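Asker:
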Amino acid sequence: MGSTMEPPGGGYLHLGAVTSPVGTARVLQLAFGCTTFSLVAHRGGFAGVQGTFCMAAWGFCFALSGLVVACEFTRLHSCLHLSWGNFTAAFAMLATLLSATAAVIYPLYFTRLECPPEPAGCAARDFRLAASVFAGLLFLAYAAEVALTRARPGQVASYMATVSGLLKIVQAFVACIIFGALVHDSHYGRYVATQWCVAVYSLCFLATVAVVALSVTGRTGGLGCPFDRVVVVYTFLAVLLYLSAAVIWPVFCFDPKYGEPGRPPDCPRGSCSWDSQLVVATFTYVNLLLYIADLAYSQRIRFVPTL
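For the sequence shown, our numbering gives the first residue as -5, with consecutive numbering after it.
1. Determine the contact status of H8 and R106, defining contact as a CB-CB distance below 8 Å.
2. Quick check on the burial criterion: 16 or more other C-beta atoms within 10 angstroms. Buried or exposed for H71?
3. Near A117, what residues of its chain come up, given a Cβ to Cβ distance below 7 Å and the 5 sequence neighbours on each side ignored?
4. Cβ of H181 versus every heavy atom of the ligand ATP: is any distance shorter than 7 Å?
5. Below 8 Å, can you find three or more Cβ-Cβ pairs linking the segment 92 to 107 to the segment 119 to 134?
6. What does the alpha-carbon distance come out to for the pair F54 and P250?
7. At a Cβ threshold of 8 Å, is C170 touching chain B?
8. Considering only their Cβ atoms, is the gap separating T211 from D288 smaller than 8 Å?
9. So, helix, strand or coil for T18, using DSSP?
10. Determine, using beta carbons only, whether S196 and G159 come nearer to each other than 8 Å.
11. Using C-beta distances below 6 Å, list every residue in its chain close to F121, excluding the 5 sequence neighbours before and after it, in chain order.
12. With a threshold of 16 other CB atoms inside 10 Å of the CB of Y136, please say whether the residue is buried or exposed.
13. Please report the distance separating the alpha-carbon of A307 from that of A138.
14. First and last residue of the alpha helix (DSSP H) that includes A201?
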């Protein structure tokens, strides 16, 4: 009777985890991520909410990328109670969004061509410029993984690797931007109509997170009905809900009867409720378009929930 065990010294490590195109992209993510936050922490410097966000984003992405590479290389991901394909696809998309945001915010707030005053001096400027370059390279490395792992038309794949699955991550990310603007003095509690809009954002965000969580944990089969049908119905309802918010929010914030059609002259930049309302309105339309695209793509995808 032949043994089913793998031969000693072979089969336990997966070299393709670092030598394949996807593996190479992940190794570059580790290299660029480590270089970026090392440059910032050493001499580049960061301060305030913007700098803290950038460092937190880079640190989070580096830690999760290290975990993914380690699990792929040692094949330990087979021991995790996760749908590994869904997990890696969702994380790659989230990391792409986080690294893209940090790659824009850090140069915008911290990088200048002229040298800052001492004691930072020109050395700090050079480190910030280098960190900005590597932050851009980090974003490209994560975007390359998304492009390499994205399901092609007609291909059977895990749900999060499909366009519909990737859009779920973008929708949740945009909703977080909306929530950030809402809590920043947006005065959404003045009218029942604007409170309805907040309820729409919250319900759609929670449902989107639930879809992602069910996919990543591989528990989509416990819904009692086909997961793809549930996703299509939910996406259709989300389109209707966001459509109502896209009409109601601008009316109750920018119509002269209820709000301000233009930016008030006595409204200081950076701490103005009108600015927050404009951000919410803009990203409401962004998410509406994302849900419409999601609905269109979800009509013709094929995926295996447990991949």
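Backbone N, C-alpha and C fix where the C-beta goes; we use that ideal spot for every residue, glycine too.
All of these numbers come straight from a predicted model, not from anything done at the bench.
Answerer: Per the coordinate set shown:
1. Here the question's residue 8 lines up with position 14 in the sequence shown. Here the question's residue 106 lines up with position 112 in the sequence shown. Result no, Cβ atoms of H8 and R106 do not sit closer than 8 Å.
2. Counting from one through the sequence shown, the residue named residue 71 turns up at place 77. Under this definition H71 is a buried residue.
3. Taking the first residue of the sequence shown as position 1, residue 117 is located at position 123. Excluding residues within five positions, the ones whose Cβ falls inside 7 Å are R37.
4. By its list of ligands, the structure shown contains no ligand whatsoever, and the ligand ATP lies outside what it can speak to.
5. yes
6. By one-based count along the sequence shown, residue 54 stands at place 60. By one-based count along the sequence shown, residue 250 stands at place 256. Taking the straight line from one Cα to the other gives about 44 Å.
7. In the structure shown, chain B does not exist; there is a single protein chain.
8. Against the sequence shown, residue 288 aligns to sequence position 294. Against the sequence shown, residue 211 aligns to sequence position 217. For D288 and T211, no; Cβs fall outside 8 Å.
9. Along the sequence shown, one-based indexing puts residue 18 at 24. Note: T18 maps to helix in three-state DSSP.
10. In the sequence shown, residue 196 corresponds to position 202, counting from 1. In the sequence shown, residue 159 corresponds to position 165, counting from 1. No, Cβ-Cβ distance for S196 and G159 is not below 8 Å.
11. As a working note, residue 121 is residue 127 in the sequence shown. Counting only Cβ-Cβ distances below 6 Å, and skipping sequence neighbours, we find L33, R37 and G38.
12. Residue mapping note: residue 136 aligns to position 142 of the sequence shown, counting from 1. Buried, since its Cβ has 16 or more Cβ neighbours within 10 Å.
13. For residue 307 there is no data in the structure shown, the boundaries of the chain being -5 and 301.
14. In the sequence shown, the residue the question calls residue 201 occupies position 207. Looking at the DSSP string, the run of the alpha helix (DSSP H) that includes A201 is V186 to T211.
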